[in-house]
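Taking it in order: structure first as structure tokens, then the write-up.
Protein chains: 4
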Amino acid sequence: MGDKQSAILLISCPDQKGLVSSVTEFIFRHGGNIIDLEQHVDSDERHFFMRIELDLAEFSLARGEIGDRFKADVATRMGMQWTLYFSDVIPRMAVYVSRYSHCLFDILSRYQAGDWQVEIPLLISNHPDLGAAAESLGIDYHVLPITPQNRPEQEQRQLALLQDYNIDFIVLARYMQVLSEDFIRHYPSQIINIHHSFLPAFPGAKPYHSAHKRGVKLIGATSHYATADLDAGPIIEQDVTHVRHTDSVTDLVRKGQDLEKIVLSRAIWRHLQRQVLVFRNRTIVFG
Amino acid sequence: MGDKQSAILLISCPDQKGLVSSVTEFIFRHGGNIIDLEQHVDSDERHFFMRIELDLAEFSLARGEIGDRFKADVATRMGMQWTLYFSDVIPRMAVYVSRYSHCLFDILSRYQAGDWQVEIPLLISNHPDLGAAAESLGIDYHVLPITPQNRPEQEQRQLALLQDYNIDFIVLARYMQVLSEDFIRHYPSQIINIHHSFLPAFPGAKPYHSAHKRGVKLIGATSHYATADLDAGPIIEQDVTHVRHTDSVTDLVRKGQDLEKIVLSRAIWRHLQRQVLVFRNRTIVFG
Amino acid sequence: MGDKQSAILLISCPDQKGLVSSVTEFIFRHGGNIIDLEQHVDSDERHFFMRIELDLAEFSLARGEIGDRFKADVATRMGMQWTLYFSDVIPRMAVYVSRYSHCLFDILSRYQAGDWQVEIPLLISNHPDLGAAAESLGIDYHVLPITPQNRPEQEQRQLALLQDYNIDFIVLARYMQVLSEDFIRHYPSQIINIHHSFLPAFPGAKPYHSAHKRGVKLIGATSHYATADLDAGPIIEQDVTHVRHTDSVTDLVRKGQDLEKIVLSRAIWRHLQRQVLVFRNRTIVFG
Amino acid sequence: MGDKQSAILLISCPDQKGLVSSVTEFIFRHGGNIIDLEQHVDSDERHFFMRIELDLAEFSLARGEIGDRFKADVATRMGMQWTLYFSDVIPRMAVYVSRYSHCLFDILSRYQAGDWQVEIPLLISNHPDLGAAAESLGIDYHVLPITPQNRPEQEQRQLALLQDYNIDFIVLARYMQVLSEDFIRHYPSQIINIHHSFLPAFPGAKPYHSAHKRGVKLIGATSHYATADLDAGPIIEQDVTHVRHTDSVTDLVRKGQDLEKIVLSRAIWRHLQRQVLVFRNRTIVFG
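Residue numbers (this note's numbering), protein chains in the order written: chain A, 124 to 410; chain B, 124 to 410; chain C, 124 to 410; chain D, 124 to 410.
Shown next as structure tokens:
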């Protein structure tokens, strides 16, 4: 039966009566203990979402049976989409970088300190610059330079690498290349990007220059799942900081980089905690 | 059976298996629809808290029966403390003020706009200054000046007034007098105070002067339920704003007053939404 | 010589050596005392900005002479644009409103408390709703309903009123009508608007609906000077608050209104303190 | 004459007329260009503070003469305390750490990226744990374990090291030992500490535990200069983040560490920019 300790169950389905009751009754009947439960009803869309964290120590079903029984007893009848995550299955994450180091170093700093339940076996970059940092932590670093001509074949190489390393999700840590629709389709809601503005303001290139030009009094950073539409995917986290007329573009970049790395790392944390559900290009972020 | 529309059920009890299941099964069995459900387990204290918002449109029990049946079927067996609030029962609030108008005017501005589901029939003050504002909205304004000598008898008068006006809870909108332990005991977790600092820093008198002297780079405001210990009750809401060396005490007061009124009004909103539970001098604030 | 107490001098000109020295030497020579001095050089545009607050108690020039002498001795030679404001000349402000009361009530609450050095003799609205509030404070309330047809003539009436009441600047406190380019040209950098989003995101109508649809995790408010381009004028103040998937459009409106009124009132404060200079559609905001 | 490029002049003295005029006239007379000027008058204490950033490209005095002439022509007559920093003199910083890596890694990440004008030749720790990180960047790492008995002699060793490495200022990056009054006296306003609360709340040990127990809705971090009084030195930077009843002590630590590292790095930045002046246990922080 293995060590099953705890698990997280994510559920979504059209709203109807009895959803919470059915799920919690199933858990209770099998000896499970609810550590945490959050539910949300999108009343405009009449759609239901739930995240349950379960203590499985006294659960009466074997680990391999839980999903099947939940499906048979509850999920199918209620029309639920659901995923069950066991806490001892550690997700595998790849990081894409270019030349900016602040987001990568922030990620590696947490990885090294053991703050996250994650494996990072792979870094992919279009530049060799940040290889030493990766390798000092025993992470493989693959340099795949991108030109307008070679992008399709390089993306094929990337997909092969991601498969070789059994990657579950990808973090774009200020990766300065646009990924193709085709590539993104391989990892739906599994590619976390950081954009250096409070979206939807200043999408695309050079947002700090645009912010300076517009004379805004705030700058921001937005972490979102990459979709085919550039900088238009479902938002996971956003934050801002105040700026003044005294701040040059260089100052905006300096202040903004602190936001970028913190906002990105928070989004990764939430993704790892299985707190994020995507529905119609928006996120439900529990926790 | 009357118009029962919707209701909020607040529950707390020692943690055990089957709590969510029992409550939601009860609701489902009687045809109720869960609009919103939040639960929290304090894992240190092994205590459980839940807030459920219910649509009663198709509920099979008469309004007067719901509580009794919930008690008989679920609450007693599980050792629950619980309260049921019907949305069409409008709470009655009294406001205490002295001379500062900013918190009062903010409250009255929302009251006048119909933003809150509340009745404000009564203002109590130790000064006559703000009477005109109250009266222009048809709110009775009672002036009860306080001296060290007359405090006990004035509090008796206040208690009589609160009873006459059927007051459910009290808001101290920068009321500059300390209430006695005895008075506070009449309204446990029903007296909302605003203190002009980020507690536990700078309790007591003149927090802006203390903040200026200490050279802090933030000032704050804290809304909490009044308890016998001054400025030490369970905190509902807090917020801060950045300040600089250029800010005089007068500037801190000006910036702080914006925080005070917003933080106090947010706390009142949460209290009215029945989002706040108190446990061992801390709050659970759902929503 | 009259009571001259203190004054504020605002200066801007192309950058060059000796600017601060020339101005401060002029003040020192005439016995003035600098209460506060801030300067800023826009290094991209090579433009200089300064705000000086002066104690005139021991100034050797008569009040009426100061400007002429400053012009003759310093300003003309240096190519300065400048304005001198005496602290005892109280600016006169008109407020435009429609039906939302939160911004107006916040303004009136400060006005009534005497927090601002301002006169508010005039309110203009396209609806009668908020007249009682104005009149209870002795402020004239003029209702000028707007239709696509009558806008030009109603704006003429407004301009006549503004002149009759000697209005210096205008605050659009959630006024729901667009003002014509022609009207705006009469009050350059003297019309303060509040927009209910963090601009440049969500300009135009219904920003809370757009924010909800886009699934942002922040909402904001922006105060700016109105220009011919809708919601594109120089920004004075911005702020945001965090929101979650649980927030409906109604929740965004409720939370956003708190931002709107505070951000607008802060912008008015800064305008009254003569802290704001406009240069190429951006603001320098001292203080 | 050497490369003198730019310099920063910090001045403080009792307030009097003609201060700005004297200083700027001196600069103008010698062909200097003011890049940035900020002044502040503490009106309660009647004390004057100024920071001037100078372009020296066309300055008529040799680098070595500037100070002497400023002293002779201006400073002595006006009773000024002043310091002149040339931008090409890179300050040398030592970092103290224990076992927590987040602040150190954040510092090293910026150091490695070349974000700061600083040399970091020396790390001192009471534990060997973080040595590898230091050495991978070529920074010497000295382990000086502390016991109640050996503290005085270990501090002597530290002082010797600091002198050997020509250290200008020290950063305590979550160093878990208290430094003696005697040690601190060697580096007045040159030891930057980070404390993991919004001081003056929760000084001393275990602030996150205290914050959780008190039920605050915010946690914070404070960077200050170390003084003989523990956690009571002049504050340079503070920031907070919102927390909820759902946050355990572990969550507070996780969220707080993000604040700690950002607040500490901002304080180091400001110290390096010569933006901080200390007066009567408070700071003037320009910029």
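For glycine and all other residues, C-beta sits at the position ideal for the given N, C-alpha and C. All figures in this text were calculated on a predicted structure; none of them were measured in a lab.
Against chain C, the CB of A195/B has no partner CB under 7 angstroms away; the residue lies outside that interface. Residues are counted here when their Cβ sits less than 9 angstroms from a Cβ of chain D; for the region 149 to 170 of chain C these are F149, I150, F151, R152, G154, G155, N156, I157, I158, D159, L160, E161, Q162, H163, V164 and S166, given in chain order. Selection K336/C, A198/C and Q361/C evaluated against Y348/C yields Q361/C as nearest (Cα-Cα). For Q277/D and E304/B, the gap between their C-alpha atoms comes out near 53 angstroms. Counting the other Cβ atoms within 10 Å of the Cβ of I314/B gives 16 or more, which makes it buried. Here the alpha carbons of T364/B and A130/C stand approximately 29 angstroms from one another. Close to chain B, meaning a Cβ-Cβ distance shorter than 7 angstroms, are the following residues of the region 323 to 334 of chain D: P323 and A324. Listed along chain B, the residues sitting closer than 7 angstroms to A236/C by beta-carbon distance are S224 and H225. Exclusion of the five residues before and after H332/B leaves V372 as the residues of its chain whose Cβ lies within less than 7 angstroms of its Cβ. Within the region 364 to 382 of chain A, the residues whose Cβ lies closer than 8 angstroms to some Cβ of chain D are T369, R377 and D381, listed in chain order. Taking the C-beta atoms as reference points, Q300/A is found nearer than 7 angstroms to I269/A.
Annotation for D381/C: no residue places its beta carbon closer than 7 angstroms to its own, counting only its chain and skipping 5 residues before and after.
Within 7 angstroms of the CB of T147/D, the CB atoms of chain C belong to V143, S144 and T147, in sequence order along the chain. Under DSSP, the beta-bridge partners assigned to L207/A are L132/A. Secondary structure of T373/C (DSSP, three-state): helix.
By the rule that beta-carbons nearer than 7 angstroms mark a contact, S259/C touches chain B. Interface annotation, Q361/D: in contact with chain B, CB-CB separation under 7 angstroms. Between the alpha carbons of G379/C and D165/A lies a gap of roughly 20 angstroms. Rounded to whole angstroms, the separation of the alpha carbons of I391/C and V408/C is 12 angstroms. Between P311/D and H318/D, the alpha-carbon positions lie close to 18 angstroms from each other. With contacts defined by Cβ atoms closer than 7 angstroms, G141/A and F171/B do not form a contacting pair. Residue-level contact by beta carbon holds for K340/B and chain D, with a gap shorter than 7 angstroms.
Following the DSSP letters along the chain, one finds A217/C inside the beta strand (DSSP E) bounded by residues R215 to V220. As for any beta strand (DSSP E) of minimum length 3 sitting wholly inside the region 330 to 383 of chain B, the runs are 341 to 348 and 358 to 365, ordered along the chain. Residues of the region 381 to 404 of chain D with a Cβ closer than 7 angstroms to any Cβ of chain A, in chain order: D381 and I385.
Secondary structure at Q162/A: strand, using DSSP grouped into helix, strand and coil. Within chain B, the residues placing a beta-carbon under 7 angstroms from that of K140/A are F151 and N156, ordered along the chain. M201/A carries a helical assignment under DSSP once its states are collapsed to helix, strand and coil. Of the candidates D354/A, D370/A and F306/A, D370/A places its Cα closest to the Cα of K336/A. Across the structure, S145/A and Q139/A are spaced so that their CA atoms are roughly 11 angstroms apart.
Interface annotation, P137/B: not in contact with chain D, CB-CB separation never under 7 angstroms. Shortest Cα-Cα distance from V143/D to any of E161/C, L133/C and I134/C involves E161/C.
Under the three-state reduction of DSSP, E176/B is assigned to strand. Within 7 angstroms of the CB of D263/D, no CB atom of chain A is found; the nearest one sits about 18 angstroms away. For H319/B, no alpha helix (DSSP H) segment is defined, and its DSSP state is neither H nor E. Counting C-beta pairs closer than 8 angstroms gives fewer than three between the region 225 to 237 of chain C and the region 188 to 204 of chain C, which falls short of the contact rule.
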